[in-house]
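Trainee:
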Amino acid sequence: NYLLGVGRADCTGPVAEIPLMGYANPDQVGGGLLTRLYSRAFIVADPDASRRVVFVSADIGMVSQRVRLEVLERLKSKYGNLYRQDNVILSGTHTHSGPGGYFQYTLFWITSKGLIRPSLNAIVNGIVKSIDIAHQNMKTGRLFINRGTVENSQINRSPFSYLENPASERSRYSSNTDKEMVILKMVGRNGEELGLISWFAVHPVSMNNTNRLVNSDNMGYASYLFEQEKNKGMLPGEGSFVAAFASSNLGDVSPNTKGPFCVNTGESCNNPQSTCPVGGATMCMAMGPGSDMFDSTRIIGQNIYLKAKELYEKASQEVKGPLSSAHQWVNMSDVSVELNATHTVKTCKPALGYSFAAGTIDGVGAFNFTQGSVEGDPFWDGIRDQLLGEPSNETKACHKPKPILFSTGEMTRPRPWHPDIVDVQIAAIGSLAIVAVPGEFTTMSGRRLREAVKREFDSHGTAGMDVVIAGLCNVYTHYITTYEEYQAQRYEAASTIYGPHTLSAYIQLYRGLAKAIATDTVQDLPRGPEPPLFTVGNLTLVPVLAADRVPANKTFGDVLQEVRQQYQAREVAEVTFVGANPRSSAENATEHNFLTVERYTKASDSWHVVRNDASWDTRFYWTKGLFGRSNVTIEWHIPPGTEPGTYRIRYFGHYRKKLSITQAVSIPFEGTSSAFEITTL
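This note's numbering puts the sequence shown at residues 997 to 1677.
As structure tokens, this is what we get:
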């Protein structure tokens, strides 16, 4: 038996005017909310609570070094030495629809307009709060593990790179993606259901780069369905059961199962350059299975949920045994790797190749760069040399055949552009080893890593370990391809920032951690060089939060466009209010609910909340006007099976009012639609 704790907390942050993190598209700025973002924490401790392991999966693009260091600082001041860099794993689901701006390295400031304190704080506060809740609710319980295959939910988005891997290796696998899902089920002593963690490799990019609503994408929708199922009668975000759908080796894995097509002509662009005859690479986009991106998110998320539910219900293999964790900081720009007795190679200072700017079939780049570039371009090289300086010959040689676009490891102004110091970490819960990786391993990279770690455990007397990869942990270092995939220089390879031997270096490092756990010598591992924590103010290009204003003869919360008097299921009830900047609400509350849908109960003559802003079928849109004015439109996509009756939609906001030149306050207000009927067909 273990002591188990689970917790969930909101980490949404500001839903307006903040660039969304993932597609690196500066025009993709938040303009509302589809679903809330949550941090989900799971604590497993020995019966005497001496050893513990914490796993957190947060609905964010990736965990940044800044987030990790601030979370560890907060945990230390609260709990002393209980939660540390070795036994706390922080993983991001990799949604591409969450607010950005929570990074301390310069490269990430460019697309997310700097370091945005409210965004960073919301994530740090949410993660810490979810751990607090789990810590306060520890109870005796048992763990079960199960695994199974998920169909119709992924494709490899760089199949031509995958084919570069040796045929003998490829022949051992039936697919060019990992279809296996691993789930961990948590049950209390008296059989009460506590929670679930699922690990499955797919990009949460069912919502494409035209989306402006903050949401948790397909993985978050799977969590939503599982938690709604287990927390009966509760609103989303409420209830004690916690279901996390965590990321894994998703580097080259897309949920857009119809594959890449030319947006303008409709023909396939599944070629090594992902380019179209007319319009080039910018026209090549992959499509999901649904009628639009919302529908695709729903379909993929539901597939993942249904498999997890089946595996959860049938899970019978119990996880038993001691807890341990191993962690090191490593300077990834300078690792020597012994490939064999005679051959040693090195990693490189970080750099991004040309194809990084091409983006992928899930989200194309801005300037018609193409994937698979092994040549530079004099025009872009010239601009880069002027602005950022030319890469050194040493870095150019180290990264070959990658043509370097940004030599980030040699760019230090105003702060370093990329991390050198990276976390490697493994936590073992009995027979389960969670390998926490700092980025996006491709399918084959992940297979090689899992196999190497498993072999290492085997060779030191710890046989039969279940090894899972948790993706996007602790610090973001882009992609990790195999040496062979690296030669093709598609997007993932161009984004393998420490050069062609990055994977070999990680395999060597994680084998070292596995050996230390298996031989109980974790205390002898060198800590490694501590990462820097830069003093960065609120350095941002996000517009200053101005005073909110209303049109003549109107007040905040007034209805501008009313609902209809009646609707049927599958229709959309829509109302528009005189609004205020949602950032005014986020600044003064971590968990501000922007909307409710309420149903009238005759017996008690009262209204009851049936939906909130975290509900999948509600959408909250904010439209900025001139002179501080703005509108809010709320949609409720009425689902089939909705109980007939009388309903209304409410909006809750804050408007910012200037008291003096230096002082401003946020004042709460609300708006309510007219009542409307939902009738049966």
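Where a beta carbon is used, it is the ideal one built from N, C-alpha and C, also for glycine.
Assuming the contact rule is C-beta atoms closer than 8 angstroms, VAL1574 and THR1551 should be a hit. Round their C-beta distance to whole Å, please.
Mentor: 7 angstroms
Trainee: Mark PHE1104 as exposed unless 16 or more other C-beta atoms lie within 10 angstroms of its C-beta, in which case mark it buried.
Mentor: buried
Trainee: Between which residues of its own chain and GLN1313 is the CB-CB distance below 7 angstroms, once the five residues before and five after are set aside?
Mentor: The answer, listed in chain order, is PHE1140, ILE1141 and ASN1142.
Trainee: Cα-Cα, which of THR1517, CYS1469 and ARG1004 is closest to ILE1678?
Mentor: Since the first and last residues shown for the chain are 997 and 1677, residue 1678 lies out of range.
Trainee: I'd like to know whether the C-beta of THR1458 is nearer than 8 angstroms to at least one C-beta of chain B.
Mentor: In the structure shown, chain B does not exist; there is a single protein chain.
Trainee: Quick check: does the Cβ of SER1602 come within less than 7 angstroms of any heavy atom belonging to the ligand MN?
Mentor: Ligands displayed in this structure: none; no statement on the ligand MN is therefore possible.
Trainee: Look up CYS1344 in the DSSP assignment and say whether it is helix, strand or coil.
Mentor: When DSSP states are grouped into helix, strand and coil, CYS1344 belongs to the coil group.
Trainee: The alpha helix (DSSP H) that contains TYR1217, what's its start and end?
Mentor: 1213 to 1226
Trainee: From ALA1548 to GLU1013, what does the alpha carbon distance come to, in whole angstroms?
Mentor: 25 angstroms
Trainee: Per DSSP, what kind of secondary structure is LYS1310 in: helix, strand or coil?
Mentor: helix
Trainee: Using the beta-carbon count (16 or more within 10 Å), is GLN1561 buried or exposed?
Mentor: Residue burial annotation: GLN1561 is exposed, with fewer than 16 other C-beta atoms found within 10 angstroms of its C-beta.
Trainee: For TRP1618, list the residues DSSP reports as bridge partners.
Mentor: VAL1628
Trainee: Counting along the chain, where does the beta strand (DSSP E) carrying PRO1015 start and finish?
Mentor: Its beta strand (DSSP E) spans residues 1012 to 1017.
Trainee: Can you tell me the Cα-Cα spacing of PRO1527 and HIS1474, whole angstroms?
Mentor: 17 angstroms
Trainee: Which runs of the alpha helix (DSSP H) fall wholly inside the segment 1475 to 1557 and span at least 4 residues, in chain order?
Mentor: 1479 to 1484, 1487 to 1490 and 1498 to 1514
Trainee: For PRO1022, which residues from the same chain have a beta carbon less than 7 angstroms from its beta carbon, with the 5 sequence-adjacent residues on both sides left out?
Mentor: PRO1015 and THR1107
Trainee: Since VAL1571 and ILE1630 should fall inside the 8 angstroms C-beta cutoff, what is the C-beta to C-beta distance between them, to a whole number of angstroms?
Mentor: 6 angstroms
Trainee: Relative to the C-alpha of ILE1663, which candidate in THR1477, SER1580, VAL1002 and ALA1282 has its C-alpha closest?
Mentor: SER1580
Trainee: Measuring straight from C-alpha to C-alpha, what distance separates ALA1599 and LEU1192?
Mentor: 39 angstroms
Trainee: Name the one or two DSSP bridge partners that ILE1657 has.
Mentor: In the DSSP output, where bridge partners are listed per residue, ILE1657 has none listed.
Trainee: Quick check: the Cα distance between ILE1357 and SER1046, rounded to an integer number of angstroms?
Mentor: Cα to Cα, ILE1357 sits roughly 48 angstroms from SER1046.
Trainee: Are there three or more Cβ pairs, one per stretch, closer than 8 angstroms when the segment 1238 to 1247 is compared with the segment 1214 to 1225?
Mentor: yes
Trainee: Given 8 angstroms as the limit, is there contact between the segment 1297 to 1315 and the segment 1192 to 1203, that is, 3 or more CB pairs closer than that?
Mentor: yes
Trainee: Alpha helix (DSSP H) containing GLU1390: first to last residue?
Mentor: 1389 to 1395
Trainee: Compute the distance between the beta-carbons of GLY1009 and ALA1582, then report whether it is under 8 angstroms.
Mentor: Their beta carbons are under 8 angstroms apart, which means GLY1009 touches ALA1582 by this criterion.
Trainee: Taking just the CA atoms, how far does HIS1092 sit from ARG1208?
Mentor: 11 angstroms
Trainee: Between PHE1257 and HIS1323, what straight-line distance do the alpha-carbon atoms span, to the nearest angstrom?
Mentor: Each residue's alpha carbon lies about 43 angstroms from the other.
Trainee: Applying the criterion that 16 or more other CB atoms from any shown protein chain within 10 Å of the CB defines a buried residue, is GLU1160 buried or exposed?
Mentor: buried
Trainee: Determine the DSSP secondary structure at LYS945, reduced to helix, strand or coil.
Mentor: Because the chain here runs from 997 to 1677, residue 945 falls outside it and cannot be looked at.
Trainee: According to DSSP, GLY1137 sits in a beta bridge with which residue or residues?
Mentor: TYR998 and GLY1184
Trainee: Tell me whether THR1107 sits in a helix, a strand or coil according to DSSP, three-state version.
Mentor: Secondary structure at THR1107: helix, using DSSP grouped into helix, strand and coil.
Trainee: When you compare each of GLU1673, GLU1452 and ILE1129 to GLY1508 by their alpha carbons, which one comes out closest?
Mentor: GLU1452
Trainee: What are the residues that DSSP puts in a beta bridge with ILE1465?
Mentor: VAL1431
Trainee: Which residue or residues does DSSP assign as beta-bridge partners of HIS1604?
Mentor: ARG1595
Trainee: Using alpha carbons as the reference points, say which of ARG1523, GLN1485, ARG1411 and THR1498 lies closest to PRO1434.
Mentor: THR1498
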